[in-house]
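Residue numbers (our numbering), protein chains in the order written: chain A, 223 to 688; chain B, -2 to 365. Working notes, structure below.
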Amino acid sequence: MPVRFDNIYDVVVAGGGNAALCAAITAARAGRSVIVLEGAPAFYRGGNTRHTRNLRCAHDGIAPTMTGPYDGGEFLDDLYRVTGGETDKALAQLTIERSRELIPWMNKAGVKFQPPLGGTLSLGKTNAFFLGGGRGMLNALYRQAEALGVVCLSDAPVTALSIEDGFFTAATIQYEGLPHQVRGRTLVAAAGGFEANIDWLKQHWGAAADNFLIRGTPYNRGDVLKMLLAHGVKPVGDPTQMHCVGIDARAPRFDGGIATRLDSVVFGIMVNRAAQRFYDEGEETWPKRYAIWGRLIAQQPEQIGYSIVDSKSIHMFMPSIFPAVQAGAIGELAGKLQLDAAALEKTVADFNAAVRPGTFDHTVLDDCRTEGLAIPKSHWARKIDTPPYYAYPLRPGITFTYLGVRVNDESRMVLANGKTSGNMFAAGEIMAGNVLGKGYLAGIGMTIGAVFGRIAGEGAAKNARN
Amino acid sequence: MPATDLSRSAALVEADRLMTICNACRYCEGLCAVFPAMEMRRTFADSDLNYLANLCHQCGACYSDCQYSPPHEFNVNVPAALATLRNDSYAKYAWPRAFAPAFARNGLFIALTAAAGVAAFIVGFVAWRDPAVLFARHAGDFYKMMPHNAMVALFGAVFIYAIAALALSLRAYWRDINGEVDLRAAGEATVDAARLTYLGGGGGGCTSENEMPSAQRRVFHHFTFYGFLLCFAATSVATIYHYAFGWRAPYALTSLPVLLGIAGGLGLLIGPAGLFVLAQQRYAVLTDAPRRGMDTAFLAMLFLVSLTGFALMILRDSGAMGILLALHLGVVLALFLSLPYGKFVHGLYRYLALVKYAREKRTAAFVD
């Protein structure tokens, strides 16, 4: 069936990930005509959703794939802890309250869940895992949306928005080589952040951004976000901040996803190009230890770091996608990494000399630590003395950005002048900064996307009728 | 990713590359047995890969769920890579080794075997008696065409050969993958094989690109598998009738061997036909496309065995009985002969892989 551009859709959804589909399905179930405009080609549809694995939800312990219960108060505490209070309290409570509905809602939409099996993530109580991961979940949502008559276009990037005084009338898209006007009674903006927009990242990070790896697709450019801000929608979130983790430096520039993560750092030492340590590798347990290294490496020369472990530890963390660089001696390892051999030997020797005796246990904050170093290693410090030695190069891997648009509890956009938009809603990463002002909580992005996607879909459906 | 090793086949190298990527991702671990088994390993020897390849039921769910499937530069296509390796493994363990090439051009091999089988019976009947006997009416008495003892001797010998060849192939496989068995593992594997637990993509059914997951393949496979078992039961009951009770064929339509045979025969018509139609609709990128003839040949043989069996039953009192008997026996003989060298073996290798998995998931620790 050819796509119609001559009619006025009740709901125009810009974006094609979890939040977009939740909004589209909700509005379609309310009987509205809906079109989904995904900027990426079909395979890459869904933005960061395709790389996700679970969503966090409050529940009373009866969800079949979860251990539990995880009550709302505990969820809120977790959210306060990671954001340091940088969250809109009312929206945070709304997120948590409505997260209770997500598993049944997703099940109805055809999404299947599985218990957390192997791997390192002990999230069985707080997070529901998608069977087959985010792409499996996304495929189910698309099938549901299409069954409800939603028009789903991929490779249809929004190039302009027609907005007057905070009132949306049409989106211009580029589709099959031609520009088209897609007119609508309401807009749901669910088009993600700008993590793949290197030029935008450079505004705050300068040339260092050339050495950043982007964990999601190259299509997360933030075009719709930029248009909305230019049309006077109120921003939220720190425009300079991004969530970034240390990932394998050999990963592709874009879309390396989960497989490029490295979990080796706490088991050894981390050095920079000068073969010097630069931060306490034993500071914290997962997931914080996972999340801090991206930023730390971003601040080092050439934005690269090297995690060095010995054969005692090489099998203690998740297997890596790329093999470790291996050598029989530290000097030889330095040579393979093109580091100064004498400097690395001294760093390792100094570290080994500072390691105090203790009982190693990487599952708790153990008593293995160094003494007398300017940069200590507070836990899990064991001498690097058992060849062969192994190294992984790491670079910052950018997951998402925090800048977004301000919304109210109807997911309706708030304008810079303080008024609310007549017919524009936002959901997902593009407004996640309202709830997650900084930090990260596993699965929270999908929770925000699904909760506000549904709220936006409800609001748009109601709005389109008036 | 593993370094290039010239001693390894391309299929092994590719399977190793993919399992290394998958083991760093693990999103598919809820779909089937392959990924949990993978997670029990950090590196993948040839024998590990041959084990994992036979554990795969090729439902395709991990392809449509994968962030890294083509056109992604990681080019992850686990169903096709494991299908290719699995087909290689049938040849690798085949006994005798001289027959391994039968797997390369399996459609042709099976077709020639079938034609030779039919021709041998026609020539045999004519040579045994005279040309007229082939077209005479015998009131359903097959033994007018071929004495019972001769039939038993011929099929018994071929059957024993097939069993022996299969056993030796499977022994080589079992040793290579370091298989260990206990009663509980055998029981679990039997249930998983009987229910096709892992042909469901974790619950959705088989998927092709952009298609709804569907349980159709499982349904038609059940028709085929249980049809085969019922036919086997029919033959076994008839053998007992003959030797234990002295009740000679032909048996009445309402007798147990005939009823079992009819039920099984219907399964072997419906199942293979359904699987054949589904195979034509299947997204080719998920398969070992150059060797799909192996699947088609086996389905065709099962279908023909059943079809000729029914024709024989219906027309056994007519003058067509002689030629139909030659057709049926020829196809059955060819099926038996080709059992160790065709798609039939997939069930046996997979069963052993399931036994190994059932045991190791209890005894081995997951690698975190």
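In this text, a Cβ means the ideal position worked out from N, Cα and C, and glycines have one as well. In this text the structure is predicted, and so the values were computed from the model without any measurement.
Quickly, what does DSSP pair residue i with across the bridge? List them, please.
i	result
residue 215 of chain A	With chain A represented from 223 up to 688, any question about residue 215 of chain A goes unanswered, as that position is not in the structure.
residue 281 of chain A	A:292
residue 528 of chain A	A:493, A:615
residue 622 of chain A	A:465
residue 384 of chain A	A:392
residue 640 of chain A	In DSSP, residue 640 of chain A forms no bridge with anything.
residue 192 of chain A	This structure leaves residue 192 of chain A out entirely; chain A is present only between 223 and 688.
residue 262 of chain B	The partner list for residue 262 of chain B (beta bridge, DSSP) is empty, contrary to what the question assumes.
residue 347 of chain B	According to DSSP, residue 347 of chain B bridges with nothing at all.
residue 37 of chain B	The partner list for residue 37 of chain B (beta bridge, DSSP) is empty, contrary to what the question assumes.
residue 406 of chain A	A:231
Taking only beta-carbon positions, decide if residue i is within less than 9 Å of chain B.
i	result
residue 237 of chain A	no
residue 275 of chain A	yes
residue 278 of chain A	no
residue 336 of chain A	yes
residue 617 of chain A	no
residue 443 of chain A	no
residue 569 of chain A	no
residue 163 of chain A	The structure shown has nothing for residue 163 of chain A, since chain A only spans 223 to 688.
residue 251 of chain A	no
residue 225 of chain A	no
residue 482 of chain A	yes
residue 242 of chain A	no
Under 9 Å Cβ-Cβ, which residues of chain B neighbour residue i?
i	result
residue 288 of chain A	Within chain B, no residue comes near residue 288 of chain A; the closest Cβ sits about 14 Å away, beyond 9 Å.
Contact criterion: CB-CB distance below 9 Å. Does residue i meet it with respect to chain A?
i	result
residue 17 of chain B	yes
residue 68 of chain B	yes
residue 62 of chain B	yes
residue 291 of chain B	no
residue 26 of chain B	yes
residue 374 of chain B	The structure shown does not extend to residue 374 of chain B, since chain B spans only -2 to 365, so no value can be given for it.
residue 209 of chain B	yes
residue 364 of chain B	Because residue 364 of chain B carries a pLDDT of 43, less than 50, the predicted location of this residue cannot be relied on, and the following value inherits that uncertainty. Closer than 9 Å to some Cβ of chain A, the Cβ of residue 364 of chain B qualifies, so yes.
residue 341 of chain B	no
residue 222 of chain B	no
residue 295 of chain B	no
residue 152 of chain B	no
residue 106 of chain B	no
residue 12 of chain B	no
residue 71 of chain B	yes
residue 0 of chain B	Legend: pLDDT at residue 0 of chain B = 49, less than 50; position of this residue unreliable, value from coordinates given subsequently. Interface residue, yes.
Taking C-beta pairs closer than 7 Å, name the residues in chain A that residue i reaches, listed in chain order.
i	result
residue 39 of chain B	537, 541
At 8 Å on the CB atoms, spell out the chain B contacts of residue i, in chain order.
i	result
residue 479 of chain A	22, 64, 65
Which residues in chain B have a C-beta closer than 7 Å to the C-beta of residue i? List them in chain order.
i	result
residue 272 of chain A	64
residue 265 of chain A	68
Residue i touches chain A at which residues, Cβ-Cβ below 8 Å?
i	result
residue 200 of chain B	334, 353
Examine chain E for any beta-carbon lying closer than 9 Å to the beta-carbon of residue i, and answer yes or no.
i	result
residue 175 of chain B	The structure shown has no chain E; the protein chains it does contain are A and B.
- Would the segment 285 to 298 of chain A and the segment 633 to 650 of chain A be scored as touching if the rule is three or more Cβ pairs under 8 Å? no
- Task: Check each residue of the segment 646 to 660 of chain A: if its Cβ is closer than 8 Å to any Cβ of chain B, include it; give the result in chain order.
- Result: none
- Quick check: the segment 460 to 468 of chain A against the segment 564 to 580 of chain A, are there 3 or more CB pairs under 8 Å? no
- Check distances from the C-beta atoms of the segment 357 to 376 of chain A to those of chain B and list, in chain order, the residues that come in under 7 Å. 357, 358, 361, 365
- Flag this pair as touching only if the segment 41 to 51 of chain B and the segment 440 to 455 of chain A have three or more C-beta atom pairs under 8 Å; answer yes or no. no
- Query: Between the segment 33 to 58 of chain B and chain A, which residues of the former have CB atoms less than 8 Å from a CB of the latter, in chain order?
  - Reply: 33, 36, 39, 58
- Would you call the segment 678 to 688 of chain A and the segment 327 to 341 of chain A touching, i.e. three or more CB-CB distances under 8 Å? no
- Message: For the structure I just gave you, are there three or more beta carbon pairs, one from the segment 305 to 314 of chain A and one from the segment 395 to 410 of chain A, closer than 8 Å?
- Response: no
- At a cut of 8 Å, does the segment 213 to 225 of chain B reach the segment 267 to 277 of chain B through at least three beta carbon pairs? yes
- Message: I want to know whether the segment 98 to 118 of chain B touches the segment 322 to 340 of chain B - three or more CB-CB distances under 8 Å.
- Response: yes
- Is the segment 420 to 432 of chain A in contact with the segment 659 to 666 of chain A, if contact means three or more CB pairs nearer than 8 Å? no
- the segment 262 to 282 of chain A in contact with the segment 346 to 357 of chain A per 3-pair CB rule at 8 Å: yes
- Query: Counting pairs of Cβ atoms below 8 Å between the segment 338 to 358 of chain B and the segment 5 to 23 of chain B, do you hit three or more?
  - Reply: no
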